[in-house]
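This report refers to the structure that appears directly beneath it.
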Amino acid sequence: MRKALASLIDISKAITAGLFIASVVSLVIQENQSGWLLFGGFIVAFILTMKEVF
Numbered sequence: 729m730r731k732a733l734a735s736l737i738d739i740s741k742a743i744t745a746g747l748f749i750a751s752v753v754s755l756v757i758q759e760n761q762s763g764w765l766l767f768g769g770f771i772v773a774f775i776l777t778m779k780e781v782f
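Residue numbering for the sequence shown follows our numbering, beginning at 729 and increasing consecutively.
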């Protein structure tokens with residue numbers, strides 16, 4: 729059970745890292761509102777992930 733939880737946390741970390749990279753790239757490329765929405769979504773996902781870990 730604990731191993732499954734750890735792998736789930738790893739997956740969510742990978743997803744949040746991917747979201748972060750995508751948001752930064754979109755901000756650099758187009759500098760529009762969708763980039764900021766993605767970035768905000770990353771921040772929310774990151775906070776939720778940290779709450780799950782700790």
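Using N, Cα and C, we set each Cβ at its ideal position, and we do this for glycine too.
None of these values were measured; they are calculated from a predicted model.
For Phe774, collect the residues of the same chain with a Cβ closer than 7 angstroms to its Cβ; drop the 5 residues on either side in sequence, then sort them by chain order. Walking along the sequence shown from the start, residue 774 turns up at place 46. Excluding the 5 residues flanking it on each side, Phe774 has same chain C-beta neighbours closer than 7 angstroms at Thr744, in chain order.
Give me, in chain order, the residues of the same chain whose beta-carbon lies closer than 8 angstroms to that of Glu780; leave out the 5 immediate sequence neighbours on both sides. The sequence position of residue 780 within the sequence shown is 52, counting from 1. The beta carbon of Glu780 is closer than 8 angstroms to those of Ile737 and Ser740 in its chain, skipping five residues each way along the sequence.
Is Ser735 buried or exposed, if buried means 16 or more other CB atoms sit within 10 Å of its CB? Residue 735 sits at position 7 when you count from the first residue of the sequence shown. Exposed, because fewer than 16 other Cβ atoms sit within 10 Å of the Cβ of Ser735.
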